[in-house]
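K.L.:
Taking full-length UniProt numbering as reference, the numbering of the sequence shown is continuous, increasing by one, and the terminal residue is 233.
A virtual CB, placed ideally from N, CA and C, is assigned to each residue, including glycine.
These numbers come from a predicted model, not from an experiment.
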Amino acid sequence: MKTKSNFFLYLFGIIGFILFGVALYLYLDKQAFLDKAETSQGKVIELLRTKSDNSISYRPVVEYITKKGIKIEFSSSLSSNPASYNVGENVPVLYDPINPNKAEINGFKALYLGPLIVGTIGIVFFLIGFMAIRSSYLKQKESKYLLNNGKRIITKFENVQHNKSTESNGRNPFQICSQWLNPNTNEVYIFKSDDIWFDPTDFIKSEEIKVLINPDNPKQYIMDTSFLPNLKN
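#1: Could you tell me which of P200, T120, P215 sits nearest to Q175, measuring between CA atoms?
#2: Assuming contact is defined by CB atoms lying nearer than 8 Å, are C177 and K192 in contact in what I supplied?
#3: V62 and A74 - do their beta-carbons sit closer together than 8 Å?
#4: Rounded C-beta distance between V22 and V118? I'm assuming under 8 Å.
#5: Looking only at its chain, what residues have a beta carbon closer than 7 Å to the beta carbon of K109, apart from the 5 residues adjacent to it on each side?
#6: Can you round the beta-carbon distance between F130 and G13 to whole angstroms, since I take them to be within the 8 Å contact cut?
#7: So, L26 versus G170, is the Cβ gap smaller than 8 Å?
#8: Specify the secondary structure class of F74 as computed by DSSP and reduced to three states.
#9: Give me the Cα-Cα distance between D29 and E104, rounded to the nearest whole angstrom.
#10: Can you say whether I190 is buried or exposed, counting buried as having 16 or more other CB atoms within 10 angstroms of its CB?
#11: Under three-state DSSP, which class holds K192?
#12: Applying the criterion that 16 or more other CB atoms from any shown protein chain within 10 Å of the CB defines a buried residue, is G16 buried or exposed?
#13: Between the C-alpha atoms of L228 and F203, what's the straight-line distance to the nearest angstrom?
#14: Who are A32's beta bridge partners in DSSP?
#15: Taking 8 Å as the cut-off, does the region 64-72 touch the region 35-55 (at least 3 CB pairs, one atom from each stretch)?
#16: Would you list, in sequence order, the uninterrupted alpha helix (DSSP H) runs of no fewer than 4 residues that lie entirely inside the region 161-221?
#17: Which of helix, strand or coil does DSSP assign to V93?
#18: What are the residues that DSSP puts in a beta bridge with M223?
#19: Does the contact criterion of 3 or more C-beta pairs under 8 Å hold for the region 208-219 versus the region 144-159?
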């Protein structure tokens, strides 16, 4: 289960990185277009009605005349509901002098909304994957430190419970819960094992559960579940 979980964490990060790369490419492509583009004044002559996923949007069709006097029609890459422009409305146009059919309305939405949306989604995906992987790495680092330097204590077994905060294929993992009274501070600590993807109840033969803690901060701990069998599927 942990391997599958790590796979999806890395997948989130990779998808986010790819989407951000696509957004960067779209942005640079727009910048290259702007560097050579010439300006003109156009008019919205039609609103194309497009339907997708049970939603309707409107894409403006613009007519303009190049500096060479050639009349060109193009469909904007921007579609929205309600329509961003009205039929008959005058709009500023940018076009490629070498390929006048490659043109766009000179406005922030038409030029940058696409890269902005893709980039934002990419950043969100990447941050989710990165933060989850970072959290997993820090937990593994802490566990390794505790295994090598932690203080071993004997805690009292309390119960086995489901971890409702984690789910995979409709199932929640199990956790072993134990309790310990710190004799130096008279404080009670509750410890929980890492996620276990089978019911460990029948394998708990003793009321004593070993836990490794950071002596300076008992809230940093790892429960010793080496007495449990390995899950093979």
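P.N.:
Walking through what the data contain:
#1: P200
#2: Contact flag set, yes.
#3: For clarity, residue 74 is Phe in the given sequence; the question names Ala instead. A contact, by the Cβ cut-off of 8 Å.
#4: 6 Å
#5: L78, S84
#6: 6 Å
#7: With a cutoff of 8 Å on beta-carbon distance, L26 and G170 are scored as not near each other.
#8: Strand at F74.
#9: 13 Å
#10: exposed
#11: strand
#12: buried
#13: 6 Å
#14: Paired residues: none, contrary to the question.
#15: yes
#16: none
#17: Of the three classes helix, strand and coil, the one that applies to V93 here is strand, per DSSP.
#18: V211
#19: Touching, per the Cβ criterion.
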